[in-house]
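Q: The structure under discussion is supplied below as structure tokens; questions concerning it will follow.
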Amino acid sequence: MTRFPLWLGIIIFLALSPFIIGFIGAYLSELITNEPCHEGNCFWGVIPWLGIFITLPIGGIGLLIYLIIIIIDSIKLIKNGK
22 MTRFPLWLGI
32 IIFLALSPFI
42 IGFIGAYLSE
52 LITNEPCHEG
62 NCFWGVIPWL
72 GIFITLPIGG
82 IGLLIYLIII
92 IIDSIKLIKN
102 GK
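Just so you know, we're using this note's numbering here: the sequence shown kicks off at 22 and counts up by one.
Shown next as structure tokens:
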């Protein structure tokens, strides 16, 4: 039961990683250059779009599969506990 939240957090983190990496990179780029960073002038502004088309769908499918596994395992644990 303790590994369920851990793996759930890892799946969500990996699904959102392009957003996290893009926003951190854009923030650091703005600090270094003192210019605003967006999709038109900065590579870091484009990386979150990768998440919309690639990692979010894969992460969503992985999350759905993992939630089904959690439900099945929970039912088995409840039945074995009684």
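Just so it is clear, CB atoms sit at the ideal spot from N, CA and C, and this is done for glycine as well.
Straight-line CA distance for A47 to S38?
A: Their Cα atoms are separated by approximately 14 Å.
Q: Quick one: give me the first and last residue of the alpha helix (DSSP H) that W65 is part of.
A: It is not in any alpha helix (DSSP H) - W65 carries neither H nor E in the DSSP assignment.
Q: Look up E51 in the DSSP assignment and say whether it is helix, strand or coil.
A: Correct three-state label for E51: helix.
Q: For W65, count the other beta carbons within 10 Å of its own beta carbon; 16 or more makes it buried, fewer makes it exposed. Which is it?
A: W65 should be labelled buried.
Q: I'd like to check one pair, L84 with I32: are the Cβ atoms closer than 7 Å?
A: Yes, the Cβ-Cβ distance between I32 and L84 is below 7 Å.
Q: Cα-Cα, which of L52, I53 and W70 is closest to I60?
A: For the record, residue 60 in the displayed sequence is Glu; it is not Ile. Of the listed residues, the one whose Cα sits closest to E60 is W70.
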